[in-house]
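Asks: Provided herewith is a single structure, encoded as structure tokens, for subsequent inquiry.
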Ligand SMILES: Cc1cc2nc3c(=O)[nH]c(=O)nc-3n(C[C@H](O)[C@H](O)[C@H](O)COP(=O)(O)O)c2cc1C
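Numbering (our numbering), first residue to last: 17 to 167.
In structure tokens form, the structure reads like this:
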């Protein structure tokens, strides 16, 4: 049984909706156990037990949301010390951009070093059915890849 860890931070509820949709998509893959954690509560132990990690966050002031940055700051050296290498995917919510958060996350994650399991997904503007569908598809695709041993 493979495991997918979804870590999210949400101020307004938008990223929480995205994380929930990704979880619904991932649950369609019965061979993968998917868990969702708030970034505040997630730690290196959970990361080290996962076969894949999906980070769901907003772009704030051209950068990663502070709480997701805190999660990465807390786990960076402990993960390196344990030799933890986990494929990751990014799901970013933004008002009109998102590329600053993407660049920063990719740069940090390359230092762990974690390989990217997919292209980052940026969804812009208010929550929509299209965002929901894209998030579900990302969750399912990531879980399916883990199930098939692609990552
Ligand atoms: C303090 C703050 C800064 C923001 N900065 C950006 C930004 O630099 N670029 C952008 O595209 N959106 C920006 N946004 C919009 C958020 O990325 C967007 O509303 C997102 O959906 C918030 O998700 P959340 O409330 O679930 O964390 C900002 C929002 C806030 C509250």
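We put the beta carbon where it would ideally sit given N, CA and C, even for glycine.
Along the chain, where does the alpha helix (DSSP H) containing residue 93 start, and where does it finish?
Replies: In the chain shown, the residue the question calls residue 93 occupies position 77. Counting along the chain, the alpha helix (DSSP H) containing residue 93 begins and ends at 82-98.
Asks: Which one of 129, 120, 152 has the shortest CA to CA distance from residue 77?
Replies: Counted from its first residue, the chain shown places residue 77 at position 61. Answer by Cα proximity: 120.
Asks: To the nearest angstrom, how far is the alpha carbon of residue 39 from that of residue 130?
Replies: In the chain shown, the residue the question calls residue 39 occupies position 23. In the chain shown, the residue the question calls residue 130 occupies position 114. Taking the straight line from one Cα to the other gives about 21 Å.
Asks: Measuring alpha carbon to alpha carbon, tell me which residue in 137, 63, 103 is nearest residue 87.
Replies: Position 71 of the chain shown, counted from the start, is the residue given in the question as residue 87. Out of 137, 63, 103, 63 has the C-alpha closest to the C-alpha of residue 87.
Asks: Ligand 1 and residue 159: does the residue's C-beta get closer than 7 Å to at least one heavy atom of that ligand?
Replies: Here residue 159 is taken as the residue at index 143 of the chain shown, counted from 1. Incorrect: residue 159 has no Cβ contact closer than 7 Å to ligand 1.
Asks: When we look at the beta-carbon of residue 101 and count the other beta-carbons within 10 Å, is it buried (16 or more) or exposed?
Replies: As a first step, residue 101 must be located in the chain shown, where it is residue number 85. Result: exposed.
Asks: Straight-line CA distance for residue 103 to residue 165?
Replies: Your numbering for residue 103 matches position 87 in the chain shown. Your numbering for residue 165 matches position 149 in the chain shown. Roughly 11 Å separates the two Cα atoms.
Asks: What is the C-beta distance between residue 105 and residue 133, in whole angstroms, given that I count them as a contact (C-beta under 8 Å)?
Replies: The residue you call residue 105 lines up with position 89 of the chain shown. The residue you call residue 133 lines up with position 117 of the chain shown. About 5 Å separates the two Cβ atoms, so the contact holds.
Asks: Specify, as a first and last residue, the run of the beta strand (DSSP E) that residue 76 falls within.
Replies: Locating residue 76 in the chain shown gives position 60, where the first residue counts as 1. 68-76 is the extent of the beta strand (DSSP E) around residue 76.
Asks: Measuring only the C-alpha atoms, how far is residue 33 from residue 153?
Replies: Locating residue 33 in the chain shown gives position 17, counting from the first residue. Locating residue 153 in the chain shown gives position 137, counting from the first residue. Going by the C-alpha atoms only, they are around 14 Å apart.
Asks: Do residue 50 and residue 22 have their C-beta atoms closer together than 8 Å?
Replies: Within the chain shown, the letter at position 34 stands for residue 50. Within the chain shown, the letter at position 6 stands for residue 22. Yes, these two residues count as a Cβ contact at 8 Å.
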